[in-house]
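First up is the structure itself, then whatever we jot down about it.
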Ligand code: KG4
Ligand code: ZN
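Residue numbers (this note's numbering): 143 to 500.
Here it is, written out as structure tokens:
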């Protein structure tokens, strides 16, 4: 079974053909990073327009690479929630048009659920692990992206219960903001990752806060960390209390200091993630697999730290491959297959929805 997956929820125009819900036959992603860089973040109106220009060439290329003409497809899957409404509209309109024109089933996909299916995809049949995707469940799922930071209990690819999520910023958003504070270009996540890896960086140079919240909480809070980075770089604001001496100015932001701040920031951000995962696994001992997806799961330190965490606890770690961490069509097509099998198809009334279903 071959399914075309279309993804346009934010600033990536993406399409992919996936076979039997696991094997990636093509995975085309047209990034808009260059268009949004000068604004330091995604501008929704620009994103929507760029999707309109790119969607057909991207779909055509995905079908070409997969050597799959439209007539050989079994269904069209599209990410229809959550995301920027003007961006989602473009992918949903394209998917509905193709499904209607070719009489193909249409499947609407939740983007967050798709990020948690990405770790089960592969490029070669030898790499399919576990060979039967059902063996991964029940699992805990960690989504870490620019828009989401949450832990789920997953009974199957589309039966998910959210255990906890961020009460303020998503971790990717904080990576991007910390990078902006350090004067690095957008998107900052990969830049902080690279800076922290440079020789000589010291992740203990700054004691940034790791938010714990309540004793059993698996929610996240990253706004304190963001403020701490701001104060570390620009200095603390003066107290309004009369007679209080102004705080000393921060040391100059040398390259060495930037490296140390980036490394210390990562230690705190990722420390918060492993802390909450520990609590979640303690509360769900029947889950022996961790599924991880979303743009921040491309982070080298997170991948390493999660490897150590899972090894210590005897948990099978399933990380999305690098090309499937950020937004992509393969995760949409893969999950589309599972929903099609479950009979969960949509009709032409499928609408884009800005919020997630899980
Ligand atoms: O999943 P994604 O493509 O879009 C959303 O659904 O939000 O995630 C994008 C986020 C951005 O915040 C980006 O900075 C972050 O993923 N990101 C990284 C890395 N690569 C991408 N963050 C940390 N380290 C990386 N290597
Ligand atoms: Zn995403």
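Quick reminder that beta carbons are idealized off the backbone N, C-alpha and C, glycines included.
Remember, predicted model here, so these are calculated numbers, not experimental data.
{"Check": "Assigned secondary structure, residue 190 (DSSP; H/G/I helix, E/B strand, else coil)", "Outcome": "helix"}
{"Check": "Distance cut-off 8 Å: residue 436 Cβ against heavy atoms of ligand 2", "Outcome": "yes"}
{"Check": "Touch test, the segment 302-317 against the segment 476-486, Cβ-Cβ under 8 Å, three pairs minimum", "Outcome": "no"}
{"Check": "DSSP beta-bridge partners of residue 441", "Outcome": "Answer is none; residue 441 lacks a bridge partner."}
{"Check": "Residue 253 beta carbon near ligand 2 (any heavy atom closer than 8 Å)", "Outcome": "yes"}
{"Check": "Unbroken beta strand (DSSP E) run spanning residue 311, endpoints", "Outcome": "No beta strand (DSSP E) holds residue 311; DSSP gives it neither H nor E."}
{"Check": "Residue(s) in a DSSP beta bridge with residue 252", "Outcome": "223"}
{"Check": "Proximity to residue 153 [Cα-Cα], best of 144, 197, 145, 169", "Outcome": "197"}
{"Check": "Residue 490 classed as buried or exposed, judged by whether at least 16 other C-beta atoms fall within 10 angstroms", "Outcome": "exposed"}
{"Check": "Residues sharing a beta bridge with residue 145, DSSP", "Outcome": "160, 217"}
{"Check": "Proximity below 9 Å, CB of residue 330 to CB of residue 321", "Outcome": "yes"}
{"Check": "Neighbouring residues (CB closer than 5 Å to any heavy atom of ligand 2)", "Outcome": "287, 469"}
{"Check": "Residue 158: CB within 8 Å of a non-hydrogen atom of ligand 1", "Outcome": "no"}
{"Check": "Inter-residue Cα distance where the pair is residue 413 and residue 368", "Outcome": "15 Å"}
{"Check": "Rounded distance between the beta-carbons of residue 226 and residue 189, thought under 8 Å", "Outcome": "6 Å"}
{"Check": "Of the listed residues 447, 427, 424, 425, nearest to residue 434 (C-alpha basis)", "Outcome": "447"}
{"Check": "Boundaries (first-last residue) of the beta strand (DSSP E) holding residue 291", "Outcome": "291-298"}
{"Check": "Contact the segment 168-175 vs the segment 145-160: 3+ CB pairs below 8 Å", "Outcome": "yes"}
{"Check": "Classification of residue 214 by the beta-carbon crowding that lies within 10 angstroms, buried from 16 upward", "Outcome": "exposed"}
{"Check": "Cβ neighbour criterion (16 or more within 10 Å) applied to residue 179", "Outcome": "exposed"}
{"Check": "DSSP bridge partner residues for residue 362 (one or two, in chain order)", "Outcome": "308"}
{"Check": "Short Cβ contact (9 Å threshold) for residue 399 with residue 393", "Outcome": "yes"}
{"Check": "Reference residue 229, options 184, 409, 455, closest by Cα", "Outcome": "184"}
{"Check": "Distance, residue 281 Cα to residue 481 Cα", "Outcome": "18 Å"}
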